[in-house]
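Accompanying notes for the structure given below.
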Amino acid sequence: MIKEGKYTIERFAEEQGLARQSALNKLSRLKRQGYVSVDGGGRQKRIYTISKLPRRKTNGFYDTVNRYSPEKLQPKFDHYVHGRYTVEHAIIDGIKIGDVRTRDATKHLFRHVSSWKKLFDLAKKEGLLKEVLNLYSQAKRTVRVRWIPRRYLK
Amino acid sequence: MINLKDQEELFRLIADYLEEDITCICIGGTAMMFMGYKTTTKDIDLVFGSSQDRQVFIKALEKLGYTQRSMKTIYDRKRTEAKDKPLLFSRGEERFDLFVKNIFGFIVDCDLDKIEQKHDFVGKKELITYVLPKELIILLKILTDREKDFEDIMTIIDKEKNVDWDMIIDEAIRQRKNNSWMLLDLKEKLQKLRKTILIKEKHFKRIYSAEEKYH
């Protein structure tokens, strides 16, 4: 029986009554099945988190924001994307989530917009044009962001 | 039966056949698979915000060869006669149960603060699906009461120690006015569950006193 929680390899081996290598093999198998996530590695000691339910890695809004923004967010929900997800999508999602912390973190994404056309097409589709421009003007005051091409400001 | 990988690929395919972007909520076995409680499901239960959205989804299903089928062999009489019954579509062994906003009187809202997971399937159009927390999945399983629904409730309870029964009862009481048998079904299922797990007496008392107000 494996208990949920955080383990180092030594603690896990001790708890399971296994040799170190057998414990590593077991954790590796559980990781493949999605029951284990690993933190650390290299100079840092690896910490294995075991969960009762298989958990897949998220790849949505919170991952994009936490990659690019210095203001990190604790996910409110697990966001998975099956298909292409870009910074432009993340800005729209950030506005939709809408709380102050999320909006503040989202401001930093304007630095990484690669297609303003795509951003404004998405905003138009979601009816969020005003909100995007609003957030951009807030971002312009606090973060170094590029100028939006003038045609989108009309 | 459909497994998680097939389900995700099917959703991605449907996204390619949609005529516009739509959002829906996953309940039942679909939600359980996304949350890792089980690996396969017989039916894919989805709740749409409007009948227009459901129609867009149905059009895509029909393009993929799904046909409408009757509810009679799947739901009991009181459910087949309910006002807000689902539309069922199947192709081979897979079946879609498509609701609009309302699952036998239980109104589901699409609030981003209340969801557990969000899955975006990006094809030619976007199909966005929300997954509700486990407590609401349990309550909705009680409401739909199909073959294996009780088994699914047991699976969730078996894997999760911290089920918030107060939340389930609060939600059922809040929505009682839309469905006269909601609290009675909840009480019946809790009594059945009581044989295997501990459910405190105070929860039953809350259900009794809430139901009494309607008599």
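Going down the list, the sequences are from chains A and B.
Counting from 332, one number per residue, gives the positions in the first sequence under the working numbering.
Counting from 3, one number per residue, gives the positions in the second sequence under the working numbering.
The C-beta atom is built at its ideal place from N, Cα and C for all residues, glycine as well.
Less than 6 Å between C-beta atoms, sequence neighbours within five positions excluded: which residues of the same chain meet that for residue i?
i, result
"B/Leu6", "Met35"
"A/Ala436", "Val396, Ser400, Glu402 and Leu404"
"B/Phe101", "Val49 and Pro88"
"A/Ala344", "Arg351 and Ala354"
"B/Glu118", "Val133 and Pro135"
Whole angstroms are fine: how far does the CA of residue j sit from the CA of residue i?
i, j, result
"A/Leu358", "A/Leu384", "15 Å"
"A/Glu335", "B/Phe50", "36 Å"
"A/Glu402", "B/Gly94", "49 Å"
"A/Asn390", "B/Lys40", "22 Å"
"A/Tyr338", "B/Lys163", "21 Å"
"A/Tyr399", "A/Arg432", "15 Å"
"B/Lys202", "B/Lys161", "19 Å"
"B/Ile159", "B/Ile60", "33 Å"
"B/Lys189", "A/Val444", "53 Å"
"B/Met156", "B/Asp47", "19 Å"
"B/Ile171", "B/Asp55", "30 Å"
"A/Gln469", "A/Arg475", "11 Å"
"B/Leu90", "B/Thr82", "11 Å"
"A/Phe441", "B/Ser53", "36 Å"
"B/Asp147", "A/Gln375", "50 Å"
"A/Ile333", "A/Gln347", "8 Å"
"B/Ser92", "A/Leu361", "35 Å"
"B/Leu114", "A/Leu349", "44 Å"
Buried or exposed, going by whether 16 or more other CB atoms sit within 10 Å of the CB of residue i?
i, result
"B/Thr198", "exposed"
"B/Tyr216", "exposed"
"B/Leu195", "buried"
"B/Glu21", "exposed"
"B/Gly67", "exposed"
"B/Val58", "buried"
"B/Thr32", "buried"
"A/Arg363", "exposed"
"A/Val463", "buried"
Can you round the beta-carbon distance between residue i and residue j to whole angstroms, since I take them to be within the 8 Å contact cut?
i, j, result
"B/Asp99", "B/Asp154", "14 Å between Cβ atoms; not a contact."
"B/Lys116", "B/Ala17", "B/Lys116 to B/Ala17, Cβ: 24 Å. No contact."
"A/His413", "A/Phe392", "Between A/Phe392 and A/His413 the Cβ distance is about 14 Å, and since that is not below 8 Å, they are no contact."
"B/Ile4", "B/Thr43", "6 Å"
Closer than 7 Å by C-beta to residue i: which residues in its own chain qualify, once you throw out the five before and the five after it? Chain order, please.
i, result
"A/Ser446", "Glu419"
"B/Trp122", "Rather than Trp, the amino acid found at residue 122 of chain B in this sequence is Asp. The residues are Glu128 and Ile130."
What are the residues of the region 203-217 of chain B that lie near chain A, defined by any Cβ-Cβ distance shorter than 8 Å? none
Residues within the region 106-122 of chain B neighbouring chain A, beta-carbon criterion of under 8 Å: Leu114, Asp115, Ile117, Glu118, Gln119, Lys120, His121 and Asp122
Short of 8 Å Cβ to Cβ, which residues in the region 10-24 of chain B face chain A? Residues are counted here when their Cβ sits less than 8 Å from a Cβ of chain A; for the region 10-24 of chain B these are Glu10, Phe13, Arg14, Ala17 and Asp23, given in chain order.
If contact means a Cβ-Cβ distance below 9 Å, which residues of the region 390-409 of chain A contact chain B? Gly391, Phe392, Lys407, Phe408 and Asp409
For the region 140-161 of chain B, enumerate the residues whose C-beta is nearer than 8 Å to any C-beta of chain A, in chain order. Within the region 140-161 of chain B, Lys161 place their CB atoms closer than 8 Å to a CB of chain A, listed in sequence order.
Taking a Cβ distance cut-off of 7 Å, strictly less, list which residues of the region 123-134 of chain B are near chain A, in chain order. Here the close residues are Phe123, Val124 and Gly125.
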